[in-house]
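Engineer: In my numbering, the protein residues as written are 6 to 592. C-beta: ideal position from N, C-alpha, C; glycine also. First the structure, which I've put down as structure tokens, then a few questions once you've had a look.
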């Protein structure tokens, strides 16, 4: 009776685990025994997972013992489920997210057959394998008997969790951007996100040398000479990165697609034990330079999975991970536009982006509509003349956001160089998908396999399959503004919750930790944040400010000054005091 009810509750949040427990037919090694109070406990060999006298009282004592760790935690990792006594008691005493790690399916199957656990099974997350979810400001609580029973599993897990903890306390990260291109703004967003996560970040801005590429094109039309000049420029910038590493001494060098780092440079960084990571935010089928680089980096991140993972495996790439692009809420946001801006940037439908082959063909089928096209790379075609804005000039982020906000419907057709419309095999999701959503703007996006798991199609985002489908949906949604608004708001909330560059950078660093990266152990500098909060007493503004150093145990005055310098808006009273303290110390 209990088992069926518990499985039904578990299935609502984790159907995969529910089926695994149902199908677990190995001989149960757990022996159920009755305690002095009549409640069940369980023994595996000579290990009792709960008190043989009063397991409920034991659970209360366990929670009381961990009171300080539980207080203020946003998430709690419990190592071991047992029969769930301690988890039930913990659930009663915290509003934090609870993640329970339990490798024993036989233990779980026994527990689900003994108690009604429906009150917690739909509220907590149970992990039985090596996958560690992402979480913030976590407390790690051990159920000692469970840890003793599966020591190898939990020792490995603890090492990963401790590495994550140390990483979240702050690393020195050198972010290397490209000379030009779509990954340049992403590099800046990543740099900003890492700073907000509490890391000390230096941004190596290669784009300052983009004029050198233009100069090389002017100097020679000979391709061999041009490539030689660009190779020399890349070598120069690689040496500059090495020089920067010599002074900054980063814990991690993080490069974005097209970053000018040579294989020799990466080899020298590896020889000096400087970890390197690369985010390939491009289509692997079109840009194949990843083949030379993927094995040269310690960690390799992609916006595609499936076939690309097979290719990376065949190339001998070690640590690779799927990391879709995202939005930067500081840049991509709802805006109040003036009437003039609405007239200038607005239209029934719009598209903002480059004139790739498929877009030039596909958009011919929309030229009878109120349609504006923004961006460069469009042909000098009379048919497009009245639709392409500003003669096809580049559009910067701020103006693009105004277009998103002013348009009734934003068309988001992913690029293709060999299809005349929607790429039926398209998998990656472009940054524009997240950016439009972050603005609270409505979009129609071509169907992509990569959208699954990122947005709920039909609820948060509307997809189209071909031109006829697109035209039908344009007609429908132009006539239903309230539906557009509801859908766009759901997408905006999803982005804020899961798809910002802070989410991506946190995930990147967690993957690196999970791969065995050992963050540097530094001398305990600064003051314990909890001590400072305690000393702040009734100063609610100071308490709130110090609480913003999420996930860090200690903080120094330079840490606080960096946060103030990277912040936006008016400086608060608390921030003014810290700035004055810093000036006094300088003198």
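Between which two residues does the alpha helix (DSSP H) containing residue 242 stretch?
Structural biologist: The residue labelled residue 242 in the question sits at position 237 within the chain shown. Its alpha helix (DSSP H) spans residues 228 to 253.
Engineer: Going straight from the alpha carbon of residue 322 to that of residue 524, what length do you get?
Structural biologist: Translated into the one-based positions of the chain shown, residue 322 becomes position 317. Translated into the one-based positions of the chain shown, residue 524 becomes position 519. Going by the C-alpha atoms only, they are around 22 Å apart.
Engineer: From which residue to which residue does the alpha helix (DSSP H) around residue 511 run?
Structural biologist: What you label residue 511 is simply residue 506 of the chain shown in a count that begins at 1. Note, residue 511: alpha helix (DSSP H), 506 to 519.
Engineer: Would you kindly report the start and end of the unbroken beta strand (DSSP E) that includes residue 48?
Structural biologist: In the chain shown, residue 48 corresponds to position 43, counting from 1. Counting along the chain, the beta strand (DSSP E) containing residue 48 begins and ends at 45 to 49.
Engineer: Kindly indicate which residue of 432, 226, 200 and 516 has the alpha-carbon position closest to the one of residue 326.
Structural biologist: Taking the first residue of the chain shown as 1, we reach residue 326 at position 321. The shortest Cα separation from residue 326 among 432, 226, 200 and 516 belongs to 516.
Engineer: In chain order, what residues of the same chain lie with their CB nearer than 8 Å to the CB of residue 488, ignoring the 5 residues before and after it?
Structural biologist: Reading the chain shown from its first residue, position 483 is the one you call residue 488. Hits under 8 Å: 482.
Engineer: What first and last residue would you give for the alpha helix (DSSP H) that runs through residue 270?
Structural biologist: Sequence index remark: in the chain shown, residue 270 carries index 265 (1-based). Here the alpha helix (DSSP H) through residue 270 covers 268 to 276.
Engineer: Tell me where the beta strand (DSSP E) around residue 261 begins and ends.
Structural biologist: In the chain shown, the residue the question calls residue 261 occupies position 256. First-last of the beta strand (DSSP E) with residue 261: 257 to 261.
Engineer: In three-state terms, what does DSSP make of residue 139?
Structural biologist: One-based indexing of the chain shown puts residue 139 at position 134. Note: residue 139 maps to coil in three-state DSSP.
Engineer: Please name the residue or residues paired with residue 39 in a DSSP beta bridge.
Structural biologist: Taking the first residue of the chain shown as 1, we reach residue 39 at position 34. Per DSSP, 45.
Engineer: Which same chain residues, not among the five before or five after residue 369, have their C-beta less than 7 Å away from its C-beta?
Structural biologist: Translated into positions along the chain shown, residue 369 becomes position 364. 388.
Engineer: Assuming residue 459 contacts residue 504 under a Cβ cut-off of 8 Å, what Cβ separation, rounded to an integer in Å, is found between them?
Structural biologist: Against the chain shown, residue 459 aligns to sequence position 454. Against the chain shown, residue 504 aligns to sequence position 499. Indeed, because the Cβ distance is near 7 Å, the residues count as touching under 8 Å.
Engineer: Could you check the C-alpha separation between residue 236 and residue 206 for me, to the nearest Å?
Structural biologist: Locating residue 236 in the chain shown gives position 231, counting from the first residue. Locating residue 206 in the chain shown gives position 201, counting from the first residue. Whole-angstrom Cα-Cα distance: 27 Å.
Engineer: Measure the CB-CB distance between residue 95 and residue 510 and report whether it falls below 8 Å.
Structural biologist: Position 90 of the chain shown, counted from the first residue, corresponds to residue 95. Position 505 of the chain shown, counted from the first residue, corresponds to residue 510. Result no, Cβ atoms of residue 95 and residue 510 do not sit closer than 8 Å.
Engineer: Does the beta-carbon of residue 293 have 16 or more other beta-carbons within 10 angstroms, so that it is buried, or is it exposed?
Structural biologist: For the purposes of this step, residue 293 is taken as residue 288 along the chain shown, with counting starting at 1. Classification of residue 293: exposed, given that the 10 Å Cβ count is below 16.
Engineer: Quick check on the burial criterion: 16 or more other C-beta atoms within 10 angstroms. Buried or exposed for residue 289?
Structural biologist: The residue labelled residue 289 in the question sits at position 284 within the chain shown. Buried, by the Cβ-count rule.
Engineer: Please work out which residues of its chain come closer than 6 Å, Cβ to Cβ, to residue 397, disregarding the five sequence neighbours upstream and downstream, and give them in chain order.
Structural biologist: Working through the chain shown from its first residue, we reach residue 397 at position 392. These residues qualify, in order along the chain: 381 and 383.
Engineer: By Cβ distance below 6 Å, which residues in the same chain neighbour residue 448 in space, the five residues on each side in sequence not counted?
Structural biologist: The residue labelled residue 448 in the question sits at position 443 within the chain shown. Counting only Cβ-Cβ distances below 6 Å, and skipping sequence neighbours, we find 415, 417 and 441.
Engineer: What residue range does the alpha helix (DSSP H) around residue 282 cover?
Structural biologist: Within the chain shown, numbered from 1, the residue matching residue 282 stands at position 277. Segment 281 to 285 is the beta strand (DSSP E) holding residue 282; no alpha helix (DSSP H) there.
Engineer: Can you look up residue 451 in the DSSP assignment and give me helix, strand or coil?
Structural biologist: For the purposes of this step, residue 451 is identified with residue 446 of the chain shown, where counting begins at 1. Three-state DSSP puts residue 451 in a strand.
Engineer: So, for residue 53: in the same chain, excluding its five sequence neighbours on each side, which residues have a beta-carbon less than 7 Å away from its beta-carbon?
Structural biologist: Your numbering for residue 53 matches position 48 in the chain shown. So the list reads 46 and 150, once near-sequence residues are dropped.
Engineer: Could you tell me the alpha carbon to alpha carbon distance between residue 412 and residue 378, rounded to whole angstroms?
Structural biologist: Residue numbering aside, residue 412 sits at position 407 when the chain shown is read from its first letter. Residue numbering aside, residue 378 sits at position 373 when the chain shown is read from its first letter. C-alpha separation (whole angstroms): 11 Å.
Engineer: Within the continuous beta strand (DSSP E) that includes residue 357, where are the two ends?
Structural biologist: On the chain shown, residue 357 is found 352 positions in, with the first residue counted as 1. That run of the beta strand (DSSP E) goes 354 to 357.
Engineer: Excluding the five sequence neighbours on either side, which residues of its own chain have a C-beta within less than 6 Å of the C-beta of residue 158, listed in chain order?
Structural biologist: Position 153 of the chain shown, counting from 1, holds the residue named residue 158. Within the same chain, residue 158 has close Cβ partners 108.
Engineer: If you run the structure through DSSP and keep just helix, strand and coil, what is residue 8?
Structural biologist: What you label residue 8 is simply residue 3 of the chain shown in a count that begins at 1. Helix, per DSSP.
Engineer: Three-state secondary structure (DSSP) at residue 415?
Structural biologist: Counted from its first residue, the chain shown places residue 415 at position 410. Residue state, collapsed to three classes: strand.
Engineer: Does DSSP put residue 332 in a helix, in a strand, or in coil?
Structural biologist: Taking the chain shown and counting its residues from 1, the one referred to as residue 332 is at position 327. In this structure, residue 332 counts as strand in the three-state DSSP scheme.
Engineer: Where does residue 309 land, buried or exposed, given buried means 16+ other C-beta within 10 angstroms?
Structural biologist: By 1-based counting over the chain shown, the position of residue 309 is 304. So residue 309 counts as buried.
Engineer: For residue 130, which residues of its own chain have a beta-carbon under 6 Å away from its beta-carbon, when the five flanking residues on both sides are left out?
Structural biologist: The count along the chain shown starts at 1 and reaches residue 130 at position 125. Within the same chain, residue 130 has close Cβ partners 104.
Engineer: Can you check which of these residues, 98, 332 and 7, is closest to residue 74 by C-alpha distance?
Structural biologist: As a first step, residue 74 must be located in the chain shown, where it is residue number 69. Nearest option by C-alpha distance: 98.
Engineer: What runs of the beta strand (DSSP E), each 3 residues or longer, lie entirely inside the region 357 to 442?
Structural biologist: Here the runs fully enclosed are 376 to 379 and 414 to 417.
Engineer: Going by C-alpha to C-alpha distance, which of 143, 80 and 154 sits closest to residue 112?
Structural biologist: On the chain shown, residue 112 is found 107 positions in, with the first residue counted as 1. Checking every option, the nearest Cα to that of residue 112 belongs to 154.
Engineer: Looking at C-alpha atoms only, which residue of 90, 376 and 493 is the closest neighbour of residue 464?
Structural biologist: Indexing the chain shown from 1 puts residue 464 at position 459. Residue 493 is the option with its Cα nearest to residue 464.
Engineer: For the region 330 to 342 and the region 355 to 368, state whether three or more C-beta atom pairs, one from each stretch, are separated by less than 8 Å.
Structural biologist: Output reads no: the region 355 to 368 does not touch the region 330 to 342.
Engineer: Just to check my reading of the structure: residue 211 and residue 183 have Cβ atoms closer than 8 Å, yes? What is that Cβ distance to the nearest angstrom?
Structural biologist: For this step, residue 211 is matched to residue 206 along the chain shown. For this step, residue 183 is matched to residue 178 along the chain shown. Right, their Cβ atoms sit about 6 Å apart.
Engineer: Using CA coordinates, which residue listed in 265, 451, 185 and 302 is at the minimum distance from residue 241?
Structural biologist: Reading the chain shown from its first residue, position 236 is the one you call residue 241. Selected option, being the one with the closest Cα: 265.
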